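J.:
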Amino acid sequence: MPVQSVVRCETYDQTAVNEAVARHFEALDVRGLLHPGVRVLIKPNLVAGRRPETAATTHPALVRAAALWLRERGVEHIALADSPGGLYALSALEPIYSVTGMKALGDVVSLNRDTGFQKRACPAGFENTSFNLINPVCEADLIINIAKLKTHAMTRLSAGVKNLFGCVPGLQKPELHYRHPDIEGFSEMLAELARLVSPQVTLLDAIDCMEGDGPTGGTVRHLGLTLASRDVFAQDWFAAGLVGIEPDSVGMLVKAKARGWFDPEAIELVGDEPVRAEPPFRLPQTASVDFTGSLPAFLRAPARKVMGRLLKPLPKVDPKKCVGCGRCAESCPPHIIVIENRKAKFTAKGCISCFCCQEMCPAHAISVKRIFGGRMRG
Ligand code: SF4
Ligand code: SF4
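Residue numbering for the sequence shown follows the numbering used here, starting at 416 and increasing by one per position.
#1: Under 5 Å from any heavy atom of ligand 1, by CB: list those residues in chain order, please.
#2: Pull up the distance between the alpha-carbon of GLY464 and that of GLU509, whole angstroms please.
#3: Should THR566 be flagged as near chain B, meaning a C-beta pair shorter than 8 Å?
#4: Hey, would you say the C-beta of ILE751 is under 7 Å away from at least one heavy atom of ligand 2?
#5: Where does SER545 land, buried or exposed, given buried means 16+ other C-beta within 10 angstroms?
#6: Measuring from the CB of ALA681, is there a heavy atom of ligand 2 at a distance below 7 Å?
#7: Please state whether DSSP places ILE751 in a helix, a strand or coil.
#8: Is the stretch 644 to 664 in contact with the stretch 484 to 504, if contact means three or more CB pairs nearer than 8 Å?
#9: Can you grab the Cα-Cα spacing for the pair ILE493 / THR762, in whole Å?
#10: Would you tell me roughly how many angstroms separate the C-alpha atoms of ASN481 and ASN433, rounded to the nearest one?
#11: Check PRO459 in the structure and name its three-state DSSP category.
#12: Helix or strand or just coil, what does DSSP make of PRO730?
#13: Straight-line CA distance for CYS771 to CYS740?
#14: How far does the alpha helix (DSSP H) with HIS439 in it extend, from its first residue to its last?
#15: Any idea what DSSP makes of ILE511, helix, strand or coil?
#16: Shorter than 7 Å, the distance from the beta carbon of VAL462 to the closest heavy atom of ligand 2, or not?
#17: Is the beta carbon of ALA471 closer than 8 Å to that of ARG667?
#18: I'd like the list of long-range same chain contacts for PRO777, defined as Cβ closer than 8 Å, with 5 residues on each side in sequence excluded.
#19: Report, in whole angstroms, the separation of the C-beta atoms of PRO475 and ALA519, which I expect to be a contact under 8 Å.
#20: Cutting at 8 Å between CB atoms, please list the residues of its own chain near CYS766, excluding the five before and the five after it.
#21: Please report the distance separating the alpha-carbon of VAL421 from that of LEU618.
#22: I'd like the list of long-range same chain contacts for LEU483, defined as Cβ closer than 8 Å, with 5 residues on each side in sequence excluded.
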């Protein structure tokens, strides 16, 4: 039975966060996972170089709290690693560590500077045969996945499961988008990746979350919560419901549930009374209205196909905001973006609506267009 720990925490004051994390770790018996010489990896969300107050990345106060708790129990090997969007190179990691506040944690964790990776085979029965994973993930005995609770342009929810996409090195992430261009296949891939990595603990930073055009272009939404579970899928299912995103609309969770990897009915709540987001979180502009539920069952699939083409969200660049940095082009899986005269241009058909370009744009220059509009709440 997956235990879902809920602890209210209104601020990033370090003492308050330390207490919250200690309560979670006691509730989940993290002490029982420790042994002499244990190598711990803390996997935060460092999607891009954004300051902690933008709520795009895991707040460093949670990482410090987890590391301090482990150190107090004698753990010496504590690494912090993520592969953000874009290049997985030291020259890209260093500024991200600085801007996100991780560099200041060098006294309690070892910031990863090894940009190597290893191929890990998937178990029999997986659609994906293997994944390349960054070295610290392969070398850890215990993975503590410290994710940010956000909306996401493609997957709707970014929390524990989506955070593990950062275990895949650098520009191999757009390659996976390209290999799984539709949300069905991409969701299956994310679920299998999470199952392969299997973090022993997932801690969610839901003090200040992101709503709207997440994972990087949305707005801050205060929730005042921290959440934790030993089961990453159950954790995300619970978190989605809290913020008004229908869990059954989050493909990666639906896939995991269908494979029997968790049972949402079995979640046991411990800790504080959870606070539901009211009103529900604003979804990304990419979220479409699906009105086919009112049609007879045999008409739903063809209707979705036709309407999918009309409602398909596509990126649109605002040339006034674009600074020509090229990060969108670097991360575009089908390589349909070029930089001309210091402006991004979409040069060809073939957009898979992954919105990696929007995610990586530091200037918020990319919005969403479609032939027929429509947005939906959870
Ligand atoms: S243009 Fe943007 S949304 Fe379209 S495939 Fe490229 S990165 Fe994805
Ligand atoms: S659209 Fe954004 S990411 Fe792309 S070149 Fe312009 S500023 Fe950079």
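Where a beta carbon is used, it is the ideal one built from N, C-alpha and C, also for glycine.
All of these numbers come straight from a predicted model, not from anything done at the bench.
T.: So, from the listed chains and residues:
#1: Cβ-based neighbours of ligand 1 within the cut-off: PRO730, CYS747, CYS766, ILE767, CYS769, PHE770, CYS771 and CYS772.
#2: Start at 1 with the first residue of the sequence shown, and residue 464 comes out as number 49. Start at 1 with the first residue of the sequence shown, and residue 509 comes out as number 94. Distance between the alpha carbons of GLY464 and GLU509: 10 Å.
#3: Absent from the structure is chain B; it holds one protein chain and no more.
#4: Numbered from its first residue, the sequence shown carries residue 751 at position 336. Checking the Cβ of ILE751 against ligand 2 gives no.
#5: Taking the first residue of the sequence shown as 1, we reach residue 545 at position 130. SER545 is exposed by the Cβ-count criterion.
#6: Within the sequence shown, residue 681 is the residue found at index 266, counting from 1. ALA681 Cβ: outside cutoff for every heavy atom of ligand 2.
#7: Sequence index remark: in the sequence shown, residue 751 carries index 336 (1-based). If DSSP states are grouped into helix, strand and coil, ILE751 belongs with coil.
#8: Put simply, the stretch 644 to 664 does not touch the stretch 484 to 504. Fewer than three CB pairs are less than 8 Å apart.
#9: Taking the sequence shown and counting its residues from 1, one reaches residue 493 at position 78. Taking the sequence shown and counting its residues from 1, one reaches residue 762 at position 347. ILE493 and THR762: Cα-Cα distance of roughly 45 Å.
#10: Mapped onto the sequence shown, residue 481 falls at position 66. Mapped onto the sequence shown, residue 433 falls at position 18. Inspection of the sequence shows that residue 481 is occupied by Ala rather than by Asn. Cα to Cα, ALA481 sits roughly 7 Å from ASN433.
#11: Taking the sequence shown and counting its residues from 1, one reaches residue 459 at position 44. In the structure shown, PRO459 sits in a strand (DSSP, three-state: E or B).
#12: What you label residue 730 is simply residue 315 of the sequence shown in a count that begins at 1. The answer is strand: DSSP assigns PRO730 an E or B state.
#13: Mapped onto the sequence shown, residue 771 falls at position 356. Mapped onto the sequence shown, residue 740 falls at position 325. For CYS771 and CYS740, the distance between alpha carbons rounds to 15 Å.
#14: Against the sequence shown, residue 439 aligns to sequence position 24. Residues 429 to 442.
#15: Indexing the sequence shown from 1 puts residue 511 at position 96. Helix.
#16: Against the sequence shown, residue 462 aligns to sequence position 47. No - ligand 2 has no heavy atom lying nearer than 7 Å to the Cβ of VAL462.
#17: By 1-based counting over the sequence shown, the position of residue 667 is 252. By 1-based counting over the sequence shown, the position of residue 471 is 56. The sequence given here has Met at residue 667, not Arg. For MET667 and ALA471, no; Cβs fall outside 8 Å.
#18: Taking the first residue of the sequence shown as position 1, residue 777 is located at position 362. Once the five neighbours on either side are set aside, the close Cβ partners of PRO777 are ALA463, GLY464, VAL738, CYS740 and ARG742.
#19: Residue numbering aside, residue 475 sits at position 60 when the sequence shown is read from its first letter. Residue numbering aside, residue 519 sits at position 104 when the sequence shown is read from its first letter. PRO475 to ALA519, Cβ: 7 Å. Contact.
#20: Stepping through the sequence shown from its first residue, residue 766 is reached at position 351. Counting only Cβ-Cβ distances below 8 Å, and skipping sequence neighbours, we find LEU729, PRO730, PRO749 and ILE751.
#21: By one-based count along the sequence shown, residue 421 stands at place 6. By one-based count along the sequence shown, residue 618 stands at place 203. For VAL421 and LEU618, the distance between alpha carbons rounds to 10 Å.
#22: Locating residue 483 in the sequence shown gives position 68, counting from the first residue. Excluding positions up to five away in sequence, the list reads ASN433 and VAL523.
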